[in-house]
Structures are given as structure tokens and as C-alpha cells.
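These protein sequences, in sequence, are chains A and B. Under this note's numbering, read the first sequence as residues 102 to 245, first letter to last. Under this note's numbering, read the second sequence as residues 102 to 245, first letter to last. For each residue, glycine too, the CB sits at the ideal point set by N, CA and C. Comments concern the structure below.
Protein chains: 2
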Amino acid sequence: MAHSHEAHHHERPRDLTRNQELVLTTLNNAEAPLSAYDILDKLRDDGLRAPLQVYRALEKLIEHGLAHRLESLNAFVCCADANCHGRASGTAAFAICSGCGRVDEFADPEVTARLAAWAGETGFALERTTIELRGRCAECRKAA
Amino acid sequence: MAHSHEAHHHERPRDLTRNQELVLTTLNNAEAPLSAYDILDKLRDDGLRAPLQVYRALEKLIEHGLAHRLESLNAFVCCADANCHGRASGTAAFAICSGCGRVDEFADPEVTARLAAWAGETGFALERTTIELRGRCAECRKAA
DNA sequence: TCGATAGCGTAATGTCATAACATATCGCCT
DNA sequence: AGGCGATATGTTATGACATTACGCTATCGA
């Protein structure tokens, strides 16, 4: 039952293909970021056999704002706010804990604004922004 | 107390080893970021033969604040402000042009402050921050 | 019915990074 | 001088991440 029309102007969790669904579910069930090969390993029993199948699914999920790539980790997470986070709250930032590996996604409008301002002044046509924080989360600090 | 002679309170281009010197010079001469293997290729004639020699040199250069790693590119640039940029102006941000490949390094204290504030509120012990902007620089936009 | 678009599956390859091991060099302390 | 620790070195092999190239299938609308 595919819609012939785009009813919403923001990205909805539209119909995903089987592979996309599998990958997204895998990411959702994970506590920490997964590499493409991690995902592949978890999905062997579901018939996935080659990295490309995972990368292709990830590409679409990211396009739709359902997943993110963490550049400093070469790994992927599902979007914190499953439905509509993507473009809504500006650029997402990620705090990655070196202890437990968990990732906290947040957005700071002021940061977004400052970076946009820099781009404006400089004449830089900003397309995409990566913000990643590394450190230890509160939990892990207590546990130490 | 490692050295008794810290003449300057900011990092000086202290004595580099031969390999470190070679790698730094290569980065300085480059217009755009270089991957470790790019660097290796340029230094074959100088006797470098294995990736590890380059990675080890890069590691030290980055420690000393003379070079940066661009996570979203898996590549390296020399620090824009050769002598003193490192810790001085807070976290560095990088604008990477998808046209010419050139990288513009800058620092925005307000951005640094906001991220530090988030970390403070959250109890996240911030160790390292990555900020990378992708887009087209003013030059390349004109050229189009 | 045709062609365009999008997805799927597989093999091969390309690119980035590190482990493990062996050796060398320097400064420093005794 | 001898010995120790810290640091750098060179080499081989391997691991980890990502893409190119090719061919097939399904769907949709002109």
C-alpha cells in the first residue's frame, strides 16, 4: 500500500524497504553506535550477506533523517527523536562517551546560529555540519 | 617536569624527528587535506615505506597542535596558525569546501562556550570536540 | 509496451588504520 | 662505564571501513 502522494511536508517514517527496516530495527535495539559491519553481522540470519546492502539502507535512512553517521567513529546511530528530529531543531550534535560508548544527541540553536553566521560572513554555502563531542558521561564518571 | 626550558607558554614547534618534519612539511605544502596514504606516497623518495611511519608522525604532530585530523574526510591538515593556535582559541572548527577541497580553520568562542555549558549541565566530561562544516566556499561559488 | 526510477544481490576491489615484533637511540641515574 | 626507561624506528601482516561495477527485478506512468 504505497502512497501516491506526499501528505506531509516534513519527512515521515515513510514506507521502508525490507533491508531498511531491518537495519533501522537493529540500530534501534542497540545501546551504542554500530559500524556497518556490526549491523551486517547481526543481520546474516535475515539474509544479508554483503556490506553494500547495509550501506545502501543506511544511506536512505540518513536521507530520511532516521539515522545519523558519526564521523569520528565510523559508525551509525538511530535518530534520538524517531519521528521528526531531522531538520526541525537545526544541526544535531552528539556526545559520545568513551566509557560506555553511548551517544547523547542534542541540538543547540545558538551553536547552529553562530556557525550559520560564520558561513554567512565568509560566503560559505553551508550544506552539512558535523559536531561530535568526546568524553565521559555522568554515569561513567560516577562508576569510576 | 619534562623540560626546564619552557621559554614560551604556548606550544613551540619543538624539536621534531625526521619523519615528523617530513610529514609536517608535506602538509604545509598541500593546498588541501591529505590522507595518510597521500602523504606516504609523497614521501617514498625520502625513505618512508609503511603507513605506520606516517600515522606515528601524525599522532605526534596532532598532540603538539601542529596538525589536525578531519574526521569527516579521514584526512589531515596542518594547523592554520602554525605556532600558537592549538589550545589558545578554544576548539577549532573547519569549513571544508566540496569544490576545491580547501579547508578554512576558525574558532568561535561562543560555540565553544555553549558546548562546554551543555557538557557542564549534563555532567559530561568533555575531552575533545569535532566541528566540521561541509559546503562550497565563496571562491567556488563565484567560479560556478 | 516501453522506458525511467528505484531497489536488490554478488564479487571484487579500494581505502584507511593498527597489531605485533624487532631494533636503535638518547638522556639520565647510579 | 653500565644499565634503565622512554621514545622513535622499520617491516610485515592483518583488520576495519567503504565503494565500484555489473546484472537482475519490480513498479509506475506516458
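Interface flag, residue i vs chain B, CB-CB below 9 angstroms
i	result
V212 (chain A)	yes
E172 (chain A)	yes
C179 (chain A)	no
R242 (chain A)	yes
A176 (chain A)	no
A239 (chain A)	yes
Exposure of residue i, with buried meaning 16 or more beta-carbon neighbours within 10 Å
i	result
N120 (chain A)	buried
L135 (chain A)	buried
L153 (chain A)	exposed
R215 (chain A)	buried
E164 (chain B)	exposed
K143 (chain A)	buried
T213 (chain B)	buried
Proximity test, Cβ basis, 9 angstroms: residue i and chain A
i	result
I232 (chain B)	yes
R235 (chain B)	yes
E228 (chain B)	yes
Proximal residues to residue i (C-beta, below 7 angstroms), its chain only, five neighbours per side dropped
i	result
R203 (chain B)	E132, A133, C238
L159 (chain A)	V124, A137, A168, F177
L162 (chain A)	Q121, V124, L125, A168
A181 (chain B)	E206
R170 (chain A)	I163, F177
Own chain residues within Cβ distance below 8 angstroms of residue i, not counting five before or after
i	result
L234 (chain A)	A194, F195, A196, I197
N175 (chain B)	S136
Contacting residues, own chain, Cβ-Cβ under 6 angstroms from residue i (five flanking each side not counted)
i	result
T231 (chain A)	E172
Q.
To be precise: take each residue of the region 195-225 of chain B, compare its Cβ to all Cβ atoms of chain A, and keep it if any distance is under 8 angstroms. Which residues remain?
A. Flagged, chain order: A196, C198, S199, D205, F207, D209, E211, V212, R215, L216, W219, A220, T223, G224, F225.
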